[in-house]
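To start, the structure under review is shown below, and the notes come after it.
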Amino acid sequence: MADTLSTPRITSSYLDSFTSRTIRLIGKVTQLRGEQATIDSDGNVTAHLNRDAHLTVGNAVEIVGKVNQDLSVKVLKATDLGRDVDFAAISAVVDATHRYKEIFYAE
Numbered sequence: 037m038a039d040t041l042s043t044p045r046i047t048s049s050y051l052d053s054f055t056s057r058t059i060r061l062i063g064k065v066t067q068l069r070g071e072q073a074t075i076d077s078d079g080n081v082t083a084h085l086n087r088d089a090h091l092t093v094g095n096a097v098e099i100v101g102k103v104n105q106d107l108s109v110k111v112l113k114a115t116d117l118g119r120d121v122d123f124a125a126i127s128a129v130v131d132a133t134h135r136y137k138e139i140f141y142a143e
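In the working numbering, each residue's number is its place in the sequence shown (first place is 1) plus 36.
Below, the structure is given as structure tokens:
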């Protein structure tokens, strides 16, 4: 059977544990500069956008992307979540994901 792609939910503090892996990151867009965005996900993350990424400063975003060696993220898919996002709940989900990682992703 083919392996399924695991995309663990992370925040900026987990980036160094997931270099060269595909992840899900949720945060708030704080800056757009050409093909790059700065995302606040319990710390700033530089996201290298693809052509399909249509982000708005001040909105939340979920990024599916690959963590680069410099801890930036190459965006594979970005979903604008709007302004009404409960970041405390997102932090709780990320915490549970890593506390019970055997359920959510393979190392």
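The beta carbon of each residue, even a glycine, is placed where N, CA and C say it ideally should be.
Beta-carbon spacing of residue i, residue j below 7 angstroms
i             : j             : result
leucine 107   : leucine 51    : yes
aspartate 116 : asparagine 86 : no
glutamine 72  : threonine 58  : no
serine 126    : isoleucine 75 : It should be pointed out that residue 126 corresponds to isoleucine in this sequence rather than to serine. Going by C-beta atoms, isoleucine 126 is not nearer than 7 angstroms to isoleucine 75.
valine 109    : threonine 55  : no
alanine 114   : alanine 142   : no
Residues of its chain near residue i, where Cβ-Cβ distance is below 6 angstroms and the 5 sequence neighbours each way are ignored
i            : result
aspartate 39 : Note that aspartate 39 has pLDDT 47, beneath the 50 cutoff, so the model's placement of it is unreliable and the number below is only indicative. Nothing listed; no residue qualifies.
threonine 66 : Thr74 and Asp76
valine 130   : Arg45 and Thr47
Beta-carbon contacts of residue i that lie in its chain and below 8 angstroms, excluding the five residues immediately before and after
i           : result
arginine 60 : Thr43, Pro44, Arg45, Ile46, Glu98, Ile99 and Val100
DSSP three-state assignment for residue i, whether helix, strand or coil
i             : result
threonine 47  : coil
glutamate 138 : helix
aspartate 76  : strand
aspartate 116 : strand
Through-space distance from residue j to residue i, alpha-carbon basis
i             : j             : result
glycine 118   : asparagine 80 : 19 angstroms
methionine 37 : threonine 133 : Summary for methionine 37: the model assigns pLDDT 37, below 50, so the residue's position carries little reliability; its value from the coordinates is reported in the next sentence. When rounded, the distance between both Cα atoms is 25 angstroms.
alanine 124   : serine 48     : 15 angstroms
alanine 128   : glycine 70    : 32 angstroms
arginine 135  : aspartate 120 : 26 angstroms
Residue range of the unbroken alpha helix (DSSP H) whose run includes residue i
i             : result
threonine 133 : 123-135
Same chain, Cβ closer than 7 angstroms to residue i, neighbours up to 5 away in sequence not counted
i            : result
threonine 92 : Val65 and Asp116
Element boundaries [beta strand (DSSP E), containing residue i]
i             : result
asparagine 80 : 80-84
leucine 68    : 58-69
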